[in-house]
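J.: Residue numbers (the UniProt record's numbering), protein chains in the order written: chain W, 1 to 155; chain S, 1 to 155; chain P, 1 to 155.
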Amino acid sequence: MADLTQLLENEVLMAFASYTTIVLSKMMFMSTATAFYRLTRKVFANPEDCESFGKGESAKKYLRTDDKVERVRRAHLNDLENIVPFVGIGLLYSLSGPDLSTALLHFRLFVGARIYHTIAYLTPLPQPNRAMAYFVGYGVTLSMAYRLLKTRLYL
Amino acid sequence: MADLTQLLENEVLMAFASYTTIVLSKMMFMSTATAFYRLTRKVFANPEDCESFGKGESAKKYLRTDDKVERVRRAHLNDLENIVPFVGIGLLYSLSGPDLSTALLHFRLFVGARIYHTIAYLTPLPQPNRAMAYFVGYGVTLSMAYRLLKTRLYL
Amino acid sequence: MADLTQLLENEVLMAFASYTTIVLSKMMFMSTATAFYRLTRKVFANPEDCESFGKGESAKKYLRTDDKVERVRRAHLNDLENIVPFVGIGLLYSLSGPDLSTALLHFRLFVGARIYHTIAYLTPLPQPNRAMAYFVGYGVTLSMAYRLLKTRLYL
Numbered sequence: 001m002a003d004l005t006q007l008l009e010n011e012v013l014m015a016f017a018s019y020t021t022i023v024l025s026k027m028m029f030m031s032t033a034t035a036f037y038r039l040t041r042k043v044f045a046n047p048e049d050c051e052s053f054g055k056g057e058s059a060k061k062y063l064r065t066d067d068k069v070e071r072v073r074r075a076h077l078n079d080l081e082n083i084v085p086f087v088g089i090g091l092l093y094s095l096s097g098p099d100l101s102t103a104l105l106h107f108r109l110f111v112g113a114r115i116y117h118t119i120a121y122l123t124p125l126p127q128p129n130r131a132m133a134y135f136v137g138y139g140v141t142l143s144m145a146y147r148l149l150k151t152r153l154y155l
Numbered sequence: 001m002a003d004l005t006q007l008l009e010n011e012v013l014m015a016f017a018s019y020t021t022i023v024l025s026k027m028m029f030m031s032t033a034t035a036f037y038r039l040t041r042k043v044f045a046n047p048e049d050c051e052s053f054g055k056g057e058s059a060k061k062y063l064r065t066d067d068k069v070e071r072v073r074r075a076h077l078n079d080l081e082n083i084v085p086f087v088g089i090g091l092l093y094s095l096s097g098p099d100l101s102t103a104l105l106h107f108r109l110f111v112g113a114r115i116y117h118t119i120a121y122l123t124p125l126p127q128p129n130r131a132m133a134y135f136v137g138y139g140v141t142l143s144m145a146y147r148l149l150k151t152r153l154y155l
Numbered sequence: 001m002a003d004l005t006q007l008l009e010n011e012v013l014m015a016f017a018s019y020t021t022i023v024l025s026k027m028m029f030m031s032t033a034t035a036f037y038r039l040t041r042k043v044f045a046n047p048e049d050c051e052s053f054g055k056g057e058s059a060k061k062y063l064r065t066d067d068k069v070e071r072v073r074r075a076h077l078n079d080l081e082n083i084v085p086f087v088g089i090g091l092l093y094s095l096s097g098p099d100l101s102t103a104l105l106h107f108r109l110f111v112g113a114r115i116y117h118t119i120a121y122l123t124p125l126p127q128p129n130r131a132m133a134y135f136v137g138y139g140v141t142l143s144m145a146y147r148l149l150k151t152r153l154y155l
């Protein structure tokens with residue numbers, strides 16, 4: 001039987017596991033940020049969520065949208081759209097036997113870029129801060145995709 | 001050559017595969033639910049989708065939003081936001097050699113919580129039913145992330 | 001130590017890696033398409049994004065929604081909702097030792113269907129072009145889920 005406990009003794013895969021766990025945890029923090037702004041600003045999407053603030057007609061005024069809440073939600077969706085390809089392509093790239101130093105460079109750049117993207121989106125920092133962070137993360141994922149397809153293409 | 005067919009003979013990974021497949025299939029069911037409400041309530045987002053209900057101006061009245069459809073879409077997006085971290089972190093956690101019983105506890109709690117979350121969102125049940133289901137799933141994923149980083153951190 | 005570089009010498013997993021990388025790269029292209037339409041049509045969601053087009057009040061007129069931009073965003077979200085289950089279930093299915101020819105049929109159908117779905121959504125082609133593409137991709141993922149649960153169920 002394959003001894004799976006050895007799988008995560010491969011250094012590239014261990015590094016991928018650490019950086020992926022960090023960036024996915026960061027993405028989960030966006031839910032908490034959304035909930036925080038919804039509760040402090042009393043802005044809800046569902047009638048059952050604002051029942052503790054008032055019944056019937058008086059609760060309806062909390063069913064609205066808010067600039068700050070929508071901003072966090074856009075940042076969250078942008079995370080999903082970019083972290084999903086990183087996790088999928090990055091896992092397969094990690095299994096394809098890349099150099100440890102090259103792999104680490106990819107993972108660190110991506111995680112740093114996505115954390116900076118969140119800061120730039122929520123502050124908000126003036127452009128092109130957010131755009132730059134976005135393009136770095138995008139480029140890292142495309143670079144891993146290119147290396148993977150170059151060495152292991154099988155269609 | 002690595003005998004991959006043995007990989008899924010590891011019990012933790014087999015359990016992860018089963019629970020992940022179930023929870024991802026549940027998430028896919030949300031698309032079907034959205035399509036069901038769109039068709040029965042005649043609520044569409046694209047002009048080409050309502051052409052069979054009328055041409056030109058008469059079709060435009062079906063391009064609208066609907067509370068029930070939006071509710072299903074929010075439940076679907078919440079699934080995406082929470083199941084993606086579970087799948088990514090859970091796979092790496094499963095490869096890190098956890099106890100079978102601990103791993104099973106994590107997987108069962110998560111899948112149960114997400115199914116209950118969907119029921120609470122679509123019924124809808126009064127709060128804090130949905131919030132509780134959400135926090136259980138969130139906590140399970142964070143617990144796996146913590147265990148993974150504690151044993152295998154490599155930055 | 002497990003020799004991970006051999007993992008991607010398994011033909012099914014190599015094929016999965018190639019098709020997944022292609023379909024995730026296609027999904028990333030949707031971000032570029034959104035950015036393209038936002039810039040050419042001057043339609044933005046964030047005040048800081050349209051500052052180069054004008055300051056203060058004159059910039060506010062670019063904070064709006066646009067049919068074409070919303071269409072690309074819906075196509076992108078639909079990709080996320082369908083490609084995430086494919087990647088998760090497909091990886092576990094690939095590890096469960098399926099026939100190479102059966103696996104290739106699944107991967108090719110899915111990637112072809114999702115590319116056609118994007119073309120049908122963005123052109124837009126009349127229905128049921130998009131619906132058909134959607135159902136083919138959905139069916140492929142459910143078929144892999146069924147085969148995985150049939151051979152490896154562990155609850």
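Heads up, the beta-carbon is just placed ideally off N, CA and C, and yes, glycines get one too. For clarity, every value in this text was computed on a predicted model and none was experimentally measured.
Leaving aside the five residues before and after Leu24 of chain W along the sequence, list all residues of the same chain whose C-beta is less than 8 angstroms from its C-beta, in chain order.
T.: Taken in chain order, the residues that qualify are Ile83, Val87.
J.: Measuring only the C-alpha atoms, how far is Ala2 of chain W from Leu142 of chain W?
T.: For Ala2 of chain W, the pLDDT reaches just 46, beneath the cut-off of 50, and the residue's location in the model is therefore unreliable, although a value from the coordinates is still provided. In a straight line, the C-alpha of Ala2 of chain W is about 32 angstroms away from that of Leu142 of chain W.
J.: Compare the beta carbon distance of Thr34 of chain W and Arg73 of chain W with 8 angstroms and say whether it is the shorter of the two.
T.: yes
J.: Distance check for Val136 of chain P and Tyr116 of chain P, CA to CA, integer angstroms please.
T.: 10 angstroms
J.: Output yes if chain P places a C-beta closer than 8 angstroms to the C-beta of Val84 of chain W; else output no.
T.: yes
J.: Taking the beta carbon of Phe53 of chain P as the centre, do at least 16 other beta carbons fall within 10 Å, making it buried, or is it exposed?
T.: By the neighbour-count rule (16 or more Cβ atoms within 10 Å), Phe53 of chain P is not buried but exposed.
J.: For the putative contact between Ala133 of chain W and Ile89 of chain W, defined by C-beta atoms under 8 angstroms, what is the C-beta separation to the nearest angstrom?
T.: So it is not a contact: roughly 19 angstroms between Cβ atoms.
J.: Any C-beta of chain W within less than 9 angstroms: which residues of the segment 124–143 of chain S qualify?
T.: Pro124, Leu125, Pro126, Gln127, Asn129, Arg130, Ala131, Tyr134, Tyr138, Thr141, Leu142
J.: Identify every run of the alpha helix (DSSP H) within the segment 9–68 of chain S, keeping only runs that are complete inside it and at least 4 residues long; order them along the chain.
T.: Those alpha helix (DSSP H) runs which fall completely within the segment 9–68 of chain S and span 4+ residues are 11–41, 57–60.
J.: What are the boundary residues of the alpha helix (DSSP H) that includes Ser101 of chain P?
T.: Segment 100–122, the alpha helix (DSSP H) holding Ser101 of chain P.
J.: Can you look up Gly139 of chain P in the DSSP assignment and give me helix, strand or coil?
T.: helix
J.: With 7 angstroms as the limit, tell me which residues of the segment 11–44 of chain P have their beta carbon closer than that to any beta carbon of chain W; keep them in chain order.
T.: Glu11, Met14, Ala15, Ala17, Ser18, Thr20, Thr21, Leu24, Ser25, Met27, Met28, Ser31
J.: Are Phe107 of chain W and Ala15 of chain W touching if we call contact CB-CB under 8 angstroms?
T.: yes
J.: Can you tell me the Cβ-Cβ gap for Glu48 of chain W and Pro126 of chain S, rounded? I've got them flagged as a contact below 8 angstroms.
T.: Yes, Glu48 of chain W and Pro126 of chain S are in contact; Cβ-Cβ is about 6 angstroms, under 8 angstroms.
J.: Rounded to whole angstroms, what's the CA-CA distance from Tyr37 of chain P to Thr65 of chain P? Just pull it up for me.
T.: Straight-line Cα distance between these residues: approximately 11 angstroms.
J.: How about Leu8 of chain P and Leu105 of chain W: do their beta carbons lie closer than 8 angstroms?
T.: no
J.: Taking 8 angstroms as the CB-CB cut-off, is Gly112 of chain S touching chain W?
T.: Not an interface residue.
J.: With a threshold of 8 angstroms between beta-carbons, can Ser96 of chain P be considered close to chain S, or not?
T.: Yes, its Cβ sits closer than 8 angstroms to a Cβ of chain S.
J.: Please confirm whether Leu80 of chain W has its beta-carbon closer than 8 angstroms to some beta-carbon of chain S.
T.: yes
J.: In three-state terms, what does DSSP make of Gly88 of chain S?
T.: Correct three-state label for Gly88 of chain S: helix.
J.: Is the CB-CB distance between Leu91 of chain S and Ser18 of chain W below 8 angstroms?
T.: no
J.: Mind listing the chain P neighbours of Tyr154 of chain W? Cutoff is C-beta to C-beta under 7 angstroms, in chain order.
T.: Contact annotation for Tyr154 of chain W against chain P: Glu11, Met14, Ala15, Ser18 [CB-CB distance below 7 angstroms, chain order].
J.: Could you tell me the alpha carbon to alpha carbon distance between Pro98 of chain S and Arg71 of chain S, rounded to whole angstroms?
T.: 37 angstroms
J.: Strictly below 7 angstroms CB to CB, what residues from chain W border Val87 of chain P?
T.: Correct list: Gly88.
J.: Using beta carbons (cut-off 8 angstroms, strictly below), is Asp99 of chain S in contact with chain P?
T.: In terms of beta-carbon proximity, Asp99 of chain S stays away from the interface with chain P, with every pair separated by 8 angstroms or more.
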